[in-house]
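S.K.: The structure under discussion is supplied below as structure tokens; questions concerning it will follow.
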Amino acid sequence: AQSVTQLGSHVSVSEGALVLLRCNYSSSVPPYLFWYVQYPNQGLQLLLKYTSAATLVKGINGFEAEFKKSETSFHLTKPSAHMSDAAEYFCAVLRETGFQKLVFGTGTRLLVSP
Amino acid sequence: DGGITQSPKYLFRKEGQNVTLSCEQNLNHDAMYWYRQDPGQGLRLIYYSQIVNDFQKGDIAEGYSVSREKKESFPLTVTSAQKNPTAFYLCASSPGRTLYEQYFGPGTRLTVT
Chain F
92 AQSVTQLGSH VSVSEGALVL LRCNYSSSVP PYLFWYVQYP NQGLQLLLKY TSAATLVKGI
152 NGFEAEFKKS ETSFHLTKPS AHMSDAAEYF CAVLRETGFQ KLVFGTGTRL LVSP
Chain D
16 DGGITQSPKY LFRKEGQNVT LSCEQNLNHD AMYWYRQDPG QGLRLIYYSQ IVNDFQKGDI
76 AEGYSVSREK KESFPLTVTS AQKNPTAFYL CASSPGRTLY EQYFGPGTRL TVT
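If you read the protein sequences in the order shown, they are chains F and D. Going by my numbering, the first residue of the first sequence is number 92, and it counts up by one from there. Going by my numbering, the first residue of the second sequence is number 16, and it counts up by one from there.
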């Protein structure tokens, strides 16, 4: 069965620093992977998705993620953090069975300090 | 503007009462989903519907019920059988094709005392 693991429930960075949020996946078939962002008391918004077209995926708000099959990873990065990036981030994988169902990680809360 | 609406934003109920959460979409999406979010547990799938008049249980369907009488609407009823109903509930929709992302509503925070 498909699953994702997000390392670190909280990540703290200073404004202007590199953001790195980790996601490792488990899959017996080529995975389709997603990163979503959630601001407090709001729904989720798609940041980017990997669908096997390119291993480096660029998303909104300056975020990008690289699919590494050898490491079974799909880490999310941003070169320079902004205060507005403070939110919770979820990695998700498309299930191999069923109809477009996603399996979500437990989330990583990004804290940005001035 | 197209999107997903959930109402109300906050909902309070007494234990033992059933409560229905609303979810409406005007994106013309075939598939709709209900998730429950608890701190530190990510999102867990309650029910999903691929098409009108059809729905399937997700991972944590016990104590919940849904209906899909219209393409635009997918209400969720939290029954008194749900042991721990206090949570943040998120509705989502997607066009129904495998590679398309899901679009989420703003959520309803349910508190049962």
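Ideal placement from N, C-alpha and C gives every residue a C-beta, glycine not left out. As the structure is a computational prediction, the values presented were derived from the model and not from experiment.
Would you tell me roughly how many angstroms separate the C-alpha atoms of T146(F) and N152(F), rounded to the nearest one?
M.R.: Roughly 19 Å between the two C-alpha positions.
S.K.: Can you tell me whether S175(F) is helix, strand or coil according to DSSP?
M.R.: If DSSP states are grouped into helix, strand and coil, S175(F) belongs with the helices.
S.K.: If you follow the beta strand (DSSP E) that I151(F) is in, where does it begin and where does it stop?
M.R.: Where I151(F) is concerned, there is no enclosing beta strand (DSSP E), given that its DSSP letter is neither H nor E.
S.K.: For I129(D), which residues of its own chain have a beta-carbon under 8 Å away from its beta-carbon, when the five flanking residues on both sides are left out?
M.R.: Within the shown structure, residues of chain D are numbered from 16 to 128, placing residue 129(D) beyond reach of any answer.
S.K.: For chain F, find out if any of its Cβ atoms is closer than 9 Å to the Cβ of F119(D); answer yes or no.
M.R.: Yes - at least one Cβ of chain F is within 9 Å of the one on F119(D).
S.K.: Pick from Q93(F), Q129(F), Q97(F), L138(F): whose alpha carbon is nearest that of K169(F)?
M.R.: Residue L138(F) is the option with its Cα nearest to K169(F).
S.K.: Check whether the Cβ of Q32(D) lies closer than 9 Å to any Cβ atom in chain F.
M.R.: No, Q32(D) does not count as interfacial toward chain F.
S.K.: Rounded to whole angstroms, what is the Cα-Cα separation between Y123(F) and S143(F)?
M.R.: Going from the Cα of Y123(F) to the Cα of S143(F) covers about 7 Å.
S.K.: When you compare only the Cα positions, how much space is there between L135(F) and F103(D)?
M.R.: If I take the Cα positions, the gap works out to 12 Å.
S.K.: Using 8 Å for Cβ pairs, my map puts L26(D) next to T123(D). What's the rounded Cβ distance?
M.R.: Yes, L26(D) and T123(D) are in contact; Cβ-Cβ is about 6 Å, under 8 Å.
S.K.: So what does DSSP say about Q21(D), is it helix, strand or coil?
M.R.: Strand, per DSSP.
S.K.: May I ask you to list, following chain order, the residues of the region 82-96 of chain D that have a beta carbon less than 7 Å from some beta carbon of chain F?
M.R.: Residues passing the 7 Å Cβ filter: none.
S.K.: Hey, does Q40(D) have any beta-carbon neighbour from chain F nearer than 9 Å?
M.R.: No, Q40(D) lies away from the interface with chain F (no Cβ there is under 9 Å from its Cβ).
S.K.: So, with DSSP's three-state summary, where would you put A145(F)?
M.R.: Note: A145(F) maps to coil in three-state DSSP.
S.K.: Taking the Cβ atom as the reference point for each residue, do T199(F) and Q93(F) lie within a distance shorter than 9 Å?
M.R.: Their beta carbons are not under 9 Å apart, which means T199(F) does not touch Q93(F) by this criterion.
S.K.: Should Q56(D) and V127(D) be called a contact, given that it needs their Cβ atoms to be closer than 9 Å?
M.R.: Taking 9 Å as the Cβ cut-off, Q56(D) and V127(D) do not qualify as a contacting pair.
S.K.: In chain order, what residues of the region 102-118 of chain F put their CB closer than 9 Å to some CB of chain D?
M.R.: If the cut-off is 9 Å between Cβ atoms, the region 102-118 of chain F has nothing near chain D.
S.K.: Thinking C-beta only, is V93(D) closer than 9 Å to T20(D)?
M.R.: Cβ distance not < 9 Å, so T20(D) and V93(D) don't count as in contact.
S.K.: Given a threshold of 16 other Cβ atoms within 10 Å of its Cβ, counted over all protein chains shown, does G120(D) qualify as buried or as exposed?
M.R.: With 16 or more Cβ atoms within 10 Å of its Cβ, G120(D) is classed as buried.
S.K.: Would DSSP call V93(D) helix, strand or coil?
M.R.: The answer is strand: DSSP assigns V93(D) an E or B state.
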